[in-house]
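Sequential numbering of the sequence shown, starting at 13, is according to our numbering.
One structure is given below, encoded as structure tokens.
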Amino acid sequence: MPHGRITGWAAHLPERVLTNAELTTMVDTSDEWITARSGIRSRHVDGRVTEMSTVAGREAMAMAGVTPDRVDLLLLATTTPDQQFPASASVVQHNLGLTCGAVDMNAVCSGFVYGLVTAMQFINGGVERILLIGSDALSSIIDWEDRNTCVLFGDGAGAVVIERTGDQPSLLGWDLMSDGSAAGILYCDQGGKIVMHGREVFRQAVLAMASAAENAMTRAGITADDLALVVPHQANIRIIEASLKRLGIPMERASLVLAHTGNTSAASIPLALVDAIEAGRVAQGDLILMVGFGAGMSSAAAVLRWDPPTG
Ligand code: ACO
Numbered sequence: 013m014p015h016g017r018i019t020g021w022a023a024h025l026p027e028r029v030l031t032n033a034e035l036t037t038m039v040d041t042s043d044e045w046i047t048a049r050s051g052i053r054s055r056h057v058d059g060r061v062t063e064m065s066t067v068a069g070r071e072a073m074a075m076a077g078v079t080p081d082r083v084d085l086l087l088l089a090t091t092t093p094d095q096q097f098p099a100s101a102s103v104v105q106h107n108l109g110l111t112c113g114a115v116d117m118n119a120v121c122s123g124f125v126y127g128l129v130t131a132m133q134f135i136n137g138g139v140e141r142i143l144l145i146g147s148d149a150l151s152s153i154i155d156w157e158d159r160n161t162c163v164l165f166g167d168g169a170g171a172v173v174i175e176r177t178g179d180q181p182s183l184l185g186w187d188l189m190s191d192g193s194a195a196g197i198l199y200c201d202q203g204g205k206i207v208m209h210g211r212e213v214f215r216q217a218v219l220a221m222a223s224a225a226e227n228a229m230t231r232a233g234i235t236a237d238d239l240a241l242v243v244p245h246q247a248n249i250r251i252i253e254a255s256l257k258r259l260g261i262p263m264e265r266a267s268l269v270l271a272h273t274g275n276t277s278a279a280s281i282p283l284a285l286v287d288a289i290e291a292g293r294v295a296q297g298d299l300i301l302m303v304g305f306g307a308g309m310s311s312a313a314a315v316l317r318w319d320p321p322t323g
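Here it is in structure tokens:
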């Protein structure tokens, strides 16, 4: 029986760049503070989920050589859809000329990995081709007068095509978790702005990342030494450093884009994945760990054997 594998990928960032220097004209902050506390130097803003997703989705399909009529399902991981309804996935579906089911999935910053695991279950069930997009426009729900949050977030989209053409499984192990008791430490009310208790999110994020990663690796039957690449959620460089230290993974193995993207929620892992692929950091057969956490608190990890089509 053929297995699911990633056959196309693309990333997209909106044009408007907001630097730390520009933020210092908006709130009481400094480039030094933001860089030292988060690792972020600039971010892209003023994006719209349907527009960013359409660009990334189209490019990923072109790369995979998949025409719109051959896509069987569109999964869009987002927590900032353009509208309450219809689902942004429906708009993207129309933009791309797809004739298939389309649905938004919200697991906040864990959304892309939730989507990847979900897509692989559909593939195991016989679906041939899925377009999975992680896309968020957090600039639309930021309080630009709140220095605790406005320096951290940005907009973007990443997309992958998953096809049922692999000779062996590529998703080797995964872990999905949610701890709703922590819903109050990071949230956005309907029509509201992001509210965050940063220190508590930081503390729980490190634990959740390490736990999700360990569970996924155990289920995959591998150890940290077997990993060629780690693609962590890009929220804060210090969260990534602390989590990888707990896991015994050197930072050199992590893909990092947050310095120029900020935290793009569901887009963060695909943006960092595409960056690593395009930099030639993964070879056929390499094992990749993707691990994310987000409001909820949600967390998700997946161990993937890199198996793009050759030739
Ligand atoms: N510029 C200058 N000073 C600031 C800023 C700023 N932008 N923001 C906060 N401060 C101040 C605070 O007011 C505080 O001052 P006080 O001591 O007088 O009260 C001081 O800096 C230190 O604040 P801390 O909270 O101790 O700073 P910390 O080192 O924890 O860093 C940060 C703050 C960056 C928010 C960190 O806690 C963090 O990254 N938390 C996790 C955030 C995160 O990952 N969120 C996304 C989750 S994913 C999702 O689902 C969307």
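Glycine included, C-beta positions come from ideal geometry on N, C-alpha and C.
- By the Cβ test, the segment 239-258 is in contact with the segment 296-311, since at least three Cβ pairs between them sit closer than 8 Å.
- Here the C-alpha atom of Cys112 lies approximately 35 Å from the C-alpha atom of Leu239.
- Counting the other Cβ atoms within 10 Å of the Cβ of Met263 gives fewer than 16, which makes it exposed.
- Ala284 and Ala89 do not touch by the CB rule: their CB atoms are close to 14 Å apart, not below 8 Å.
- In the DSSP assignment, the residues bridged to Met208 are Leu198.
- The segment 310-318 makes no contact with the segment 89-102; the number of CB pairs closer than 8 Å stays below 3.
- Runs of beta strand (DSSP E) with 3 or more residues, each lying fully within the segment 16-50, are found at 29-31, listed in chain order.
- Here DSSP, grouped into helix, strand and coil, assigns Pro244 to strand.
- In terms of CA proximity to Trp318, Gly178 leads the group Gly203, Gln216, Ser223 and Gly178.
- Judged by DSSP secondary structure, Arg265 falls outside any alpha helix (DSSP H); it is assigned neither H nor E.
- Within the chosen limit of 7 Å, the ligand ACO does not reach the beta carbon of Thr276 with any heavy atom.
- As the crow flies, the alpha-carbon of Asn160 is around 14 Å from that of Ala48.
- The count of Cβ pairs closer than 8 Å, one atom from the segment 199-212 and one from the segment 25-35, stays below three, leaving the stretches out of contact.
- If you draw a straight line from the Cα of Val163 to the Cα of Met13, it comes to about 48 Å.
- For the pair Gly166 and Thr19, the CB atoms are not nearer than the 8 Å cut-off.
- By alpha-carbon distance to Arg265, the top candidate from Val61, Arg60, Arg17 and Pro244 is Pro244.
- Within the segment 287-317, not a single complete alpha helix (DSSP H) segment reaches 4 residues in length.
- A direct Cα-to-Cα measurement between Ala131 and Asp40 gives close to 43 Å.
- Of the residues assessed, Ser122 falls on the buried side of the cut-off, its CB having 16 or more other CB atoms within 10 angstroms.
- Look at Thr130: its beta carbon is at least 7 Å from all of the heavy atoms in the ligand ACO.
- With fewer than 16 other Cβ atoms from the protein chains shown falling within 10 Å of its own Cβ, Ser193 counts as exposed.
- Contact between Pro98 and Gly59 is absent: CB atoms are separated by about 19 Å, not below the 8 Å threshold.
- For Thr177, the distance from the CB to the nearest heavy atom of the ligand ACO is not below 7 Å.
- Residue pairing by DSSP places Ile145 opposite Leu88 and Ala171 in a beta bridge.
- The count of Cβ pairs closer than 8 Å, one atom from the segment 133-153 and one from the segment 50-64, reaches three, so the stretches are in contact.
- Of the candidates Leu30, Glu175 and Arg258, the residue whose Cα lies closest to the Cα of Gly138 is Glu175.
- Leu301 sits away from Met208, with the two beta carbons spaced by 8 Å or more.
- Under DSSP, Ser190 takes part in a beta bridge, and its partners are Ser310.
- Secondary structure note for Met117: its beta strand (DSSP E) is the uninterrupted segment Gly113 to Met117.
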